[in-house]
Every structure is written in C-alpha cells, then in structure tokens.
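Just below is one structure, and these are the notes that go with it.
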Amino acid sequence: MEALFATVTGFLAASGLYLALRGRTFPVVVGLTLLSYAVNLFLFSTGGLTTNGAAVIRDGVTHYADPLPQALVLTAIVIGFAMTAFSVILAMRVRGDLGSDKVNDQRSEESKEDKS
Amino acid sequence: MHHLIILPILLPLLSGLLMLVKRDSAVLPRRAIALVSTALLLTVSALLVIKSDSGEITYYALGDWQPPFGIILVLDRLSALMVCLTSFLALGSVAYACAGDDHKGSNFHGLFQLQLMGINGAFLTGDIFNLFVFFEVLLIASYSLLMHGGGKDRTQAGFHYVALNLAGSAMFLFALGVLYGTTGTLNMADMSQKVAALDPDRLGLLKAGAFLLLVVFGLKAAILPLYFWLPRAYSSAPAPVAALFAIMTKVGIYGILRIYTLIFGGGAGELANFVQPWLWWFALATLALGGLGVLSARDLRNQVAYLILISVGTLLVGVSMNREAPFAALLYYMIHTTLVSGGLFLLADAISEQRGKAGARIVPGRGVTQPALLGLFYFVGAATVVGLPPFSGAIGKALLLDSALPSEQPWLWSLLLLASLAGLVAMARSGSTVFWKAGRGDSEGPRLTPAMLAGLILLLGASPVLSILAGPITRFTDASAMQLLDQSAYAEAILSRNVAGGDS
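Line order of the protein sequences matches chains B and C. So for the first sequence, this note's numbering puts the first residue at 1; every next one is plus one. So for the second sequence, this note's numbering puts the first residue at 1001; every next one is plus one.
Below, the structure is given as structure tokens:
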C-alpha cells in the first residue's frame, strides 16, 4: 500500500507542478488544486499508514492510528478549498480586466512601457 | 493580566468582524473603529514589550491544553518587539488610509484588521502548524487588500502574487509533513528537543524538510531567486497596503530567525546551524541585486520596493552571521527599515497625487503643490533609508558593520556599503528630478489632508526618534538577541511541567 500511496502522491504533485507552470490561468488554477490534493495525501501519510485503526482512545482497543495528521488534513482541506474558490474568481477577473487568459499578458506590459 | 498575550489576535479579529456586520454602512464609523482598535493594539503591544522585558518567557495555553500537546502562544522579547512594530506601522497606515484610500473599494478596514490578526498571530505562536494557519490568514487578507480599488495592473500583479503564494503554501505543508513525520511533534520547543536526539537514519529526511521550509520563508522574505513577485506587487498595491506590506517580508525573516535558531540552532546535534552558510551567500546576492534594482527603477514606488529588497538582504546577512551582536544589530535595523519603508510608500503616493499626470514616475513634470513640506519628508526619508547620520539607518548599519568578524568584513562591508551608495545615488537622482527639475506646481491642486500628514509623521518621523532613543532600544535588542540564542531556556520555560513557569 505504501508504494501505491507514494506513487499517487508523487504523480499528483508532478502533474500539479506541470500545470501550474503553464501560461494560461485555467491550467494554473487546476495545477495548484492538484498540488493541494497531493499535499493533503502527503500530510495524511505523515503519521504512518494504518488501516482499521481507532483515532480516539477507547477501552479494549490496541490498534491506533495517529489522529493529529487527520486534524491537520482537515485544516489544510478547508484552507485549500477556499483558496481554490478565490483563485477561480480571480482568474475570471483577470480574463475580464485584461481581455486575455494569459498569465503574463504582453499587451499590458507594452502599454506600461509606452507610458514611461 | 495573563490573557494579555492573546489580545493582539483577538482585538483585530473582533473589530474586523464588527466591520463585516454592516457592509454598506457609512465610512466614518469604520474609520473610528479601525483607528480605535489599532490604537488599542498599540497600547496592548507596548504592555507586552514591558512584560517581556523582565526576561521571562511566558506562554498562553489555549483551552488550557499544556504543551507539547496543545497550541500555545509564546511571548518573549522578540515576539513582543515584532507585535509592537506591526501595530505602530498599522497605526500609520490606517491614519493615512483614512484620507480617502479606504473609500475606493469595499471593506478596506475590515480586511486590514484581519491581516493584522494574521501577522500578530504568526509572531506570537509557538506551534509550527499554527504558524502555517496564521500565514494563511495574513495571506488571504493580503490578496484582497492588494487588489483593493481594482485596475488592470493590480489584477495581474495580484494573480501572480496569489499563484506564487498558493504554491508556497503547498510547500509549507510538505515541509510541515516531513518535520512532523520525523520528529512526531509540532510544538517548536518540543521539536528543538526531538531534533537533538534524532535517529541518524532520519537526518536526511529532516534536513530536506528544513530546506523546504527555508524556501517557503525565503519566498515570503523575498531572497534572491524568489524575489521576482515583490517589486511588481508592492508597487501596484494601494499606498496604505504597501506600507503594511513592509512588515510582510519581515514575517518571513522572523520565521527564518525563529526556526533556524530554535529548532536547528546550536543545540540541534548534527544539524546544528546548517542553514546559515547557505543563507550568507544568498543574502549577499540579494543585497547586490537590490542595489542594481534601485538604480534601474523608473517609478518612485518601484524604487521603494527595491529599497525593501536591500533591507531584506541586509537583515538576512545579519541572520546568517548567527551571533549575538549581529542579531541585536539586525533587530534595531528591522525596526528602522520597516517604519521608514512604510513611510516612503505613503510619501510616494502623496507625491504622485500632487503631480497630476506624471504620477510617481521619475520624470520631470509638474511640480508638487507643497514642495517644501513634501521635500522635507523626502529628504528625511531618503537620508535615513540609505543610512546617513544622524538618522536611525546609519546607527543600524553601523551596528551591523561593526559586528562582522574579520573574515566576514570584506564581503559584508563592500556589498552593504555599495548597495547603500546605489540607494543614495538613486534617491538623490529621483529627488532632484521630482522636486528641482519640476515646473510650477498647481497651487489649486490637492494638498495633504491632516490624516495623510499624521500617517507620514508617524512613520517617517519615527526615524529621528529611533536615533534619539537608540540607547534604550539597543539595550532591549541586545537582550532579545541573547534570549534568542539561549534555546535551552526557551525549551525549559515551555516544557517544564511546573505551571508557575507559564501563564496557563
């Protein structure tokens, strides 16, 4: 299971990084989202992978999973979700304001040169 | 008064929420709430500085969960100093914003208070995951503040800033995951103990995590290969926001200072002080590049952004020297540079408002309406930021130069002095272009309002005050540096089970 988990996390991170380096806003947003999924999986695994383990101490249970990474992932998911929503809106705003979905729009650079 | 430690977080949170209640209400009550809340924050942080000056490290355990299990806020001299610096800078920015910048978009003051909450939280927390959460709070507020007022330039700079910081947050979490996976704790004091007694098999992994964390803090602090977002973002932000952003790079520097002296400091066994030799060269390169950048800037705001880059290089050189004297010097320099560069952003905005079409660009154009007043501010700001005596920049730089060892002197002295010279040339050139090569000012044009004047006086006027009070302030920074390097006292204050040691 460790190998599968590591492969999936690595693949997600690699695809996220590739997309985040693209030149248009939509792939960048998707890439950052994938990167945050990879982070969530990675954080989840930092306490060690256990199946069928209890997270809260109870009588008669000896097999436990580390509860802290689960709490951390929950926080990371909430923050990541909010940020995805924000960056989608921002990407649409860039499209509306600049009339292009390129991350580095040359036109606005040029108009700045003209002014100075 | 043991709840005092949490007030710098609660106060801005409450006033920020209060301003969300009626989003379209009149602007006057909001200004009043913002000013009162920031002034209260300044009072609280001054009390914290006095409290921390006893030399005792106190902590506040949230929900009374004792460390290393619960989240704690830690008050020592360094964190008290940073919180106090933040609230002073915020007071100047809020005062300036009340002149009308807050009216150009919605919710300026609410977001501003939430950003203050994030910054103060990041300075006070003693838990490394909590540090991440407060980083997110301050970043999310800063995303919206950066684009306050709208405009094409801001939207694009904002998108770059957001995308870069989202990637940075992802790396922060990777680093935290690695640190937690290897040490099994998130409490900084506890982590410093665990790192010293770590299984040698895991050292490589931990080192990778520590370097990843350095990249994240480097991105926030804008070290050389990671600074590209800074000039654009800072020069397109509205003036009061840019002034507050002067503390944002210092949050990154604080992170480096805290983590790499406490967790990976002298007591960390094999990993002791392994980051500092790397940091030294990157910091020097940042310094050199800042010097070149400030000469090439064609816009006053851009120029100030590069001056911030020079100050980041200077501060990080001090961090990488990792001794008591450079730490004390850099803390003094940090107070000076934060306030002055914040003030210069405000000044650049005031100048551009009075020059009409020429704006903040460094070209001969219409003169400003109040050349004597703005010229005086510009003179004080320029002299202090490049480090001319008798202002505070000179004292800070002299302290840092003086603290270098003979082996460090050739690099530090030559680069720091050359970068200062570049700053001097650039400031003199832009000052003479803006004030002397200018035509007649429009005597009917906009003038400084009392609010703007108050903001400028608070931030730029701090420099002469800092030189006059240099004695007491350097005594405090000396003591802070000593406290910072004494990791065992920090760990003991937090981890000893003796409840009397902490404000629980």
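Quick reminder that beta carbons are idealized off the backbone N, C-alpha and C, glycines included. Nothing here was measured: the structure is a model prediction, and the numbers come from that model.
In the DSSP assignment, what residue or residues form a beta bridge with residue i?
{"i": "L1075(C)", "result": "T1058(C)"}
{"i": "G946(C)", "result": "The requested residue 946(C) is not part of the displayed model; chain C covers only 1001 to 1504."}
{"i": "Y37(B)", "result": "Bridge partners of Y37(B): none, in fact."}
{"i": "A54(B)", "result": "Y64(B)"}
{"i": "D1299(C)", "result": "R1361(C)"}
{"i": "R24(B)", "result": "K102(B)"}
{"i": "N1107(C)", "result": "BP columns for N1107(C) are empty, so no partner."}
{"i": "N1505(C)", "result": "Because chain C here runs from 1001 to 1504, residue 1505(C) falls outside it and cannot be looked at."}
On the DSSP letters alone, give me the boundaries of the alpha helix (DSSP H) that residue i sits inside.
{"i": "T1286(C)", "result": "Q1276 to S1296"}
{"i": "D1153(C)", "result": "K1152 to T1183"}
{"i": "N1130(C)", "result": "I1128 to L1146"}
{"i": "A1454(C)", "result": "P1450 to L1460"}
{"i": "L1205(C)", "result": "L1203 to A1221"}
{"i": "V1340(C)", "result": "E1324 to Q1354"}
{"i": "T1261(C)", "result": "M1248 to L1262"}
{"i": "A1237(C)", "result": "Careful: A1237(C) lies outside any alpha helix (DSSP H) and carries neither H nor E."}
{"i": "D1486(C)", "result": "Where D1486(C) is concerned, there is no enclosing alpha helix (DSSP H), given that its DSSP letter is neither H nor E."}
{"i": "M1019(C)", "result": "L1007 to V1021"}
{"i": "W1411(C)", "result": "Q1409 to G1431"}
{"i": "Q1066(C)", "result": "Counting along the chain, Q1066(C) falls outside any alpha helix (DSSP H), and DSSP gives it neither H nor E."}
{"i": "D1199(C)", "result": "Per DSSP, D1199(C) belongs to no alpha helix (DSSP H) and is neither H nor E."}
{"i": "A1396(C)", "result": "Residue identity check: residue 1396(C) is Gly in the sequence provided, not Ala. From DSSP, the alpha helix (DSSP H) with G1396(C) extends over S1392 to D1402."}
{"i": "T1043(C)", "result": "V1027 to S1052"}
Would you say residue i and residue j are within 9 Å of each other, going by their C-beta atoms?
{"i": "L1339(C)", "j": "A1221(C)", "result": "no"}
{"i": "F1123(C)", "j": "M1188(C)", "result": "no"}
{"i": "T25(B)", "j": "D101(B)", "result": "yes"}
{"i": "F1327(C)", "j": "A1481(C)", "result": "yes"}
{"i": "L1458(C)", "j": "G1092(C)", "result": "yes"}
{"i": "I1005(C)", "j": "T1038(C)", "result": "no"}
{"i": "G1455(C)", "j": "T1369(C)", "result": "no"}
{"i": "F1391(C)", "j": "A1404(C)", "result": "no"}
{"i": "A1233(C)", "j": "L1114(C)", "result": "no"}
{"i": "L1214(C)", "j": "I1256(C)", "result": "yes"}
{"i": "L1111(C)", "j": "H1148(C)", "result": "yes"}
{"i": "N1120(C)", "j": "P1012(C)", "result": "yes"}
{"i": "A13(B)", "j": "A54(B)", "result": "no"}
{"i": "L1073(C)", "j": "M1248(C)", "result": "no"}
{"i": "L43(B)", "j": "L1176(C)", "result": "yes"}
{"i": "S1235(C)", "j": "A1305(C)", "result": "yes"}
{"i": "G1381(C)", "j": "S1488(C)", "result": "no"}
{"i": "V1036(C)", "j": "S1015(C)", "result": "yes"}
{"i": "F1099(C)", "j": "M1452(C)", "result": "Residue 1099(C) is actually Ala in this sequence, not Phe. Yes, Cβ-Cβ distance for A1099(C) and M1452(C) is below 9 Å."}
{"i": "G1367(C)", "j": "R1440(C)", "result": "yes"}
{"i": "S1087(C)", "j": "E1136(C)", "result": "no"}
{"i": "V28(B)", "j": "T84(B)", "result": "no"}
{"i": "L1495(C)", "j": "P1067(C)", "result": "yes"}
{"i": "L1244(C)", "j": "L1484(C)", "result": "no"}
{"i": "G1209(C)", "j": "F1174(C)", "result": "yes"}
{"i": "F1132(C)", "j": "F1172(C)", "result": "yes"}
{"i": "G1291(C)", "j": "L1415(C)", "result": "yes"}
Stretch-stretch touch, CB-based, cutoff 8 Å, three pairs: the region 1217-1230 of chain C with the region 1149-1164 of chain C:
yes
Contact residues within the region 74-105 of chain B, judged by C-beta distance below 9 Å to chain C
T75, A76, I79, G80, A82, M83, T84, F86, S87, L90, A91, R93, V94, G96, D97, L98, V103, N104 and D105
Just checking, does the region 1394-1401 of chain C make contact with the region 1309-1321 of chain C on the three C-beta pairs under 8 Å criterion?
yes
Select from the region 1121-1151 of chain C all residues with a C-beta closer than 7 Å to any C-beta belonging to chain B, and list them in chain order.
F1129, V1133, E1136 and Y1143
Taking a Cβ distance cut-off of 8 Å, strictly less, list which residues of the region 1183-1194 of chain C are near chain B, in chain order.
L1186
Could you name the residues of the region 32-52 of chain B whose beta carbon sits closer than 7 Å to any beta carbon of chain C, in the order they occur along the chain?
L32, L35, S36, V39, F42, L43 and T46
Touch check for the region 1267-1286 of chain C and the region 1295-1315 of chain C: three-plus C-beta pairs under 8 Å?
yes
Note down, in chain order, all residues in the region 1349-1377 of chain C with a beta-carbon under 7 Å from any beta-carbon belonging to chain B.
R1361
So, do the region 1343-1351 of chain C and the region 1287-1305 of chain C have three or more beta carbon pairs nearer to each other than 8 Å?
yes
Taking any Cβ of chain B, which residues in the region 1153-1177 of chain C have a Cβ under 8 Å from it, in chain order?
D1153, T1155, Q1156, G1158, F1159, H1160, V1162, A1163, L1166, A1167, S1169, A1170, L1173, F1174, L1176 and G1177
Segment contact flag, the region 69-77 of chain B with the region 1199-1207 of chain C, C-beta cutoff 8 Å, min 3 pairs
no
For the structure I just gave you, are there three or more beta carbon pairs, one from the region 1266-1275 of chain C and one from the region 1351-1359 of chain C, closer than 8 Å?
no
If contact means a Cβ-Cβ distance below 9 Å, which residues of the region 8-26 of chain B contact chain C?
A13, G16, L17, A20 and T25
Counting only Cβ-Cβ distances shorter than 7 Å, please list the residues of the region 1219-1240 of chain C near chain B, keeping chain order.
none
Return the residues of the region 1045-1069 of chain C that lie within a Cβ-Cβ distance of less than 7 Å from chain B, sorted by chain order.
none
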